[in-house]
Every structure is written in C-alpha cells, then in structure tokens.
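Undergrad: So the number in our numbering is just where the residue sits in the sequence shown, counting from 1, plus 2. The beta carbon of each residue, even a glycine, is placed where N, CA and C say it ideally should be.
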Amino acid sequence: MKEIVLSGIRSTGNLHLGNYFGALRNFIKMQNENRCYFFIADLHSLTTHPNPENFHENVKTVLSEYLAAGLDPEKSVIFVQSLVPEISELYTLMNMWSYVGELERTASFKEKIRKHPDNINAGLLTYPVLMASDILIHRAHKVPVGKDQEQHLEMTRVFARRFNSMYKVDFFPEPAAYNFGSELVKVPGLDGSGKMGKSEGNGVYLVDDEKTVRKKVMRAVTDSNTSPNAEMSEPVKNLFTIMEIVSPLEKVEYFKEQYSAGSIRYGDMKKELADDICKITLPIRERILEIRENGKYLSDTVINGTAQARESAAATLKEVKKIMGFKSFR
Ligand code: ADP
Ligand code: TRP
3 MKEIVLSGIR
13 STGNLHLGNY
23 FGALRNFIKM
33 QNENRCYFFI
43 ADLHSLTTHP
53 NPENFHENVK
63 TVLSEYLAAG
73 LDPEKSVIFV
83 QSLVPEISEL
93 YTLMNMWSYV
103 GELERTASFK
113 EKIRKHPDNI
123 NAGLLTYPVL
133 MASDILIHRA
143 HKVPVGKDQE
153 QHLEMTRVFA
163 RRFNSMYKVD
173 FFPEPAAYNF
183 GSELVKVPGL
193 DGSGKMGKSE
203 GNGVYLVDDE
213 KTVRKKVMRA
223 VTDSNTSPNA
233 EMSEPVKNLF
243 TIMEIVSPLE
253 KVEYFKEQYS
263 AGSIRYGDMK
273 KELADDICKI
283 TLPIRERILE
293 IRENGKYLSD
303 TVINGTAQAR
313 ESAAATLKEV
323 KKIMGFKSFR
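1) For R2, tell me which candidate among V238, T228, P230, E233 has the shortest Cα-Cα distance.
2) Between the beta-carbon of F111 and the beta-carbon of Y68, is there less than 8 angstroms?
3) Could you work out which residue in M168, R294, P146 is closest to N181 when comparing CA atoms only?
4) Can you tell me the Cα-Cα spacing of A109 and T318, whole angstroms?
5) Here's the rule I'm using: 16 or more other beta-carbon atoms within 10 Å means buried, otherwise exposed. How should V304 be labelled?
6) Tell me the start and end of each unbroken alpha helix (DSSP H) in the segment 134-214 that is at least 4 residues and wholly inside, in chain order.
7) Helix, strand or coil: which one does DSSP assign to H18?
8) Nearest-angstrom Cα distance between P75 and T308?
9) Excluding sequence positions up to five away, which residues of its chain have a Cβ less than 6 angstroms from the Cβ of S249?
10) Which residue's Cα is closest to the Cα of I247: G10, V189, N121?
11) What's the gap between the Cα of A263 and the Cα of K218?
12) Say the cut is 7 angstroms; is the CB of S201 nearer than that to a heavy atom of the ligand ADP?
13) Can you name, in chain order, every residue of its own chain whose Cβ lies under 7 angstroms from the Cβ of S100, other than the five neighbours on each side?
14) Are the segment 39-54 and the segment 267-285 in contact at 8 angstroms, needing three or more beta carbon pairs?
15) Return the residue from the list A124, K329, T14 that minimises the CA-CA distance to L65.
16) So N60 and V209 are in contact, right, with Cβ under 8 angstroms, and what is the actual spacing, rounded?
17) Could you tell me whether the segment 117-127 touches the segment 77-90, where touching means 3 or more Cβ pairs closer than 8 angstroms?
18) Assign M32 to one of two classes, buried (16 or more other C-beta atoms within 10 Å of its C-beta) or exposed (fewer than that).
19) Return yes when at least one heavy atom of the ligand TRP lies under 7 angstroms from the C-beta of D136, else no.
20) Going by beta carbon distance, what residues of the same chain come within less than 7 angstroms of I282, once the five residues before and after it are set aside?
21) Between the segment 191-200 and the segment 154-174, are three or more C-beta pairs nearer than 8 angstroms?
22) In its own chain, which residues sit with a C-beta less than 6 angstroms from the C-beta of A70, not counting the 5 before and 5 after it?
23) For a test of the three-state rule: what should DSSP assign to R12, helix, strand or coil?
24) Per DSSP, what are the beta-bridge partners of A43 in this structure?
25) When we look at the beta-carbon of E88 and count the other beta-carbons within 10 Å, is it buried (16 or more) or exposed?
26) Using CA coordinates, which residue listed in L284, S265, F257 is at the minimum distance from K272?
27) Is it true that the CB of A43 sits closer than 8 angstroms to the CB of D136?
28) Can you tell me the Cβ-Cβ gap for S84 and L126, rounded? I've got them flagged as a contact below 8 angstroms.
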C-alpha cells in the first residue's frame with residue numbers, strides 16, 4: 003500500500019525560504035511515490051483575525067506560490083481546508099478527547115500568549131486539535147514539516163493513540179514528522195536570532211526580486227570578530243546554517259576555513275550566499291508571477307483537489323462516527 007503523506011500551510015503571507023526548505027521541498031520530492039495531500043490552512047490563519055478583504059487573496063497567493071515551487075496537481079491532492087467541512091466535524095469530535103491541561107502546555111500556545119496577550123482566543127488553545135484533525139482525517143503516515151511543528155506532531159500521535167485505546171480499535175496510524183535528512187530543519191532568520199518566519203520580517207521570500215534578495219542578504223546581521231579560531235556568534239552561525247542549506251559544500255568549507263583563519267570577509271560570503279539563494283528563488287518567482295494571473299488554473303486545481311480530499315475525509319469521518327456509536331435514524 004502507498005504511504006499517505008500530508009502537509010499544510012497557513013495562508014498568512016508569502017512563502018519564505020524556511021517554508022520551502024522546512025516543509026515544501028520535502029513534500030515535493032515525495033509526490034511521485036506516495037499518495038500526497040497538500041492544503042492551505044485558512045481556518046488556522048483565523049487565529050490572528052485577518053482582514054476579510056484580504057482573506058481570499060491570501061489563500062490564492064499561497065496557492066500560487068506552492069504551485070510555482072513545484073507542487074503538482076497531477077500528482078498531489080491540493081485543497082483548501084475550509085472547503086472540507088469534514089475536518090471541522092472531526093475537530094469537534096476530537097475536542098472531546100483532548101485535554102485543556104495538555105493544550106495549555108503546548109510551546110506554540112505559550113509563545114502566542116506571550117507575544118499577543120490581547121488575543122488569547124480558544125482557537126489558539128485548540129490549534130493542535132485542528133491540526134491533528136487535518137492529519138488524521140486522511141489517516142496520514144508522514145507529515146513533512148519544519149522543526150517548529152514537532153510538538154504538534156507528537157500531540158497528534160497522542161490523540162491518535164488515545165482514540166485507538168479508548169475505543170479499542172486500531173484505526174488511526176501514528177503520523178511521523180518527516181524530513182529527508184532525518185533531522186527536521188530550522189532555517190534561521192537574517193536578523194541574527196530565531197527562525198525565519200512570516201511575521202518576523204527576517205526572511206527571504208520566494209517572490210522577492212533579485213535586488214531585494216541581494217539587499218536583504220547584504221544587510222544580514224554578522225559580527226566584527228576577526229581573530230583566528232574565535233567562537234562563532236549566533237548571527238554568524240545562522241548565516242553558515244543558511245549557506246549549508248542553499249550552497250555547495252565546497253563553498254561552505256571555504257568560508258569556514260576563512261573564518262577559522264580569522265580572515266573571513268562577510269561581504270564576500272554574503273555575495274556568494276545571495277547568488278545561491280537567487281539561483282533557487284528567481285525561477286520560482288517567475289512562475290509565481292505567471293500562475294498568479296492564471297485564475298482558471300488556480301480554481302481548477304482547488305475544485306478538483308477539494309473533491310478528492312472530501313471523498314477521503316468523508317470515508318474516515320464515517321468510520322470514526324460508527325466507532326463512537328453514532329447511528330442513522332433511517
Ligand atoms: P510561518 O512560520 O512562516 O508563519 P507556517 O507556520 O505557516 O509559516 O509554516 C508552514 C511550514 O513551514 C511548517 O511546516 C513549518 O514547520 C515550516 N517552517 C516555517 N518556518 C520555518 C523555518 N524557519 N525553518 C524550517 N521550517 C519552517
Ligand atoms: N500548523 C502548521 C504551521 O503553522 C500548519 C498546518 C496546519 C499543518 N495543519 C497542518 C502542517 C497539518 C502539517 C499538517 O506551520
């Protein structure tokens with residue numbers, strides 16, 4: 003049997019290198035061998051109260067960027083979360099077997115309440131339940147995501163196990179967070195600390211033009227340390243981490259040697275880094291601009307993908323309800 007692979011992204015802004023290398027690229031590589039589902043998590047994006055005027059456009063933007071980066075509607079089922087109401091129904095059911103204590107302990111929830119104390123909505127608390135519903139509704143085995151999603155995947159496994167043991171069934175597989183290099187990836191930002199993120203303003207977007215990419219990379223935070231064998235500061239380590247992801251190994255080694263010798267010129271390193279990022283992102287940017295204009299391609303993709311996703315989702319939901327004791331009145 004083919005393995006089921008699933009991943010999703012919130013429709014909250016343009017895709018950046020973190021999204022691409024953390025999740026998308028792994029998914030794209032898996033399209034040929036597996037049954038693959040990819041969706042846009044527009045319901046999840048509601049936790050931050052987006053403006054209704056931009057809501058639909060954001061979904062289209064993310065969709066175009068995904069397709070441009072290599073998602074293939076001939077190979078994968080591509081859909082929009084809110085168009086599959088079975089997910090929301092499973093979420094309602096799953097809320098009955100997830101506990102407030104464990105949700106309150108989730109790292110992403112704690113971070114959100116620290117950063118946005120004015121908007122601690124219940125959707126934030128139950129975010130992992132909705133995410134688990136996304137995954138379990140297709141009974142997925144592998145979920146390509148970045149390192150920041152590891153805990154959500156662990157919780158999904160807990161919910162799956164709990165259902166199986168509560169109802170004494172072997173129904174849900176336990177899905178694994180997945181990355182080809184085995185370790186999940188965290189792409190750092192260009193501002194010297196933390197991960198690259200949409201809301202952090204520290205990223206290179208796939209849609210950025212060449213000038214913007216170069217400007218962002220040249221401005222990346224470094225340090226003024228030039229003594230041989232000095233301990234590497236966090237911002238410089240981050241720059242090397244990005245280089246390890248986008249550049250050939252020899253280039254990384256060359257600059258590491260330069261660093262150890264105390265003769266590194268960050269300007270040279272950044273120029274090489276910008277070249278290598280451009281090689282990856284500029285062809286994608288071109289396709290984004292084309293696809294964004296092709297409304298028919300976008301709507302055909304979603305309509306066709308959503309029909310397939312609903313079929314799979316309805317089959318799971320039917321089984322779950324049967325196991326839980328729902329019966330028809332007919
Ligand atoms: P963002 O953090 O930019 O808002 P999302 O939360 O929608 O993006 O994440 C979508 C996918 O991209 C997830 O699988 C997430 O793990 C991955 N991702 C996001 N940022 C990074 C990063 N800096 N490094 C690795 N993966 C990332
Ligand atoms: N929570 C994920 C993120 O912020 C997005 C997401 C929602 C997701 N549902 C998912 C990812 C299901 C993988 C599988 O990145």
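TA: Working from what's here:
1) For residue 2 there is no data in the structure shown, the boundaries of the chain being 3 and 332.
2) no
3) P146
4) 29 angstroms
5) buried
6) Counting only runs of 4 or more, we get 152-168.
7) Strand at H18.
8) 11 angstroms
9) D278
10) Just measuring C-alpha positions, the residue of G10, V189, N121 sitting nearest I247 is V189.
11) 27 angstroms
12) yes
13) Answer for S100: V131, F161, listed in chain order.
14) no
15) T14
16) About 13 angstroms separates the two Cβ atoms, so there is no contact after all.
17) Under the Cβ criterion (8 angstroms, minimum of three pairs), the segment 117-127 does not count as touching the segment 77-90.
18) buried
19) yes
20) Once the five neighbours on either side are set aside, the close Cβ partners of I282 are V248.
21) With the cut-off at 8 angstroms, the segment 191-200 and the segment 154-174 do not touch.
22) I286, R289, I290, I293
23) strand
24) R12
25) Burial call: buried.
26) With distances taken between Cα atoms, K272 lies closest to F257.
27) yes
28) At roughly 18 angstroms, the Cβ-Cβ gap does not stay under 8 angstroms, so S84 and L126 are not in contact.
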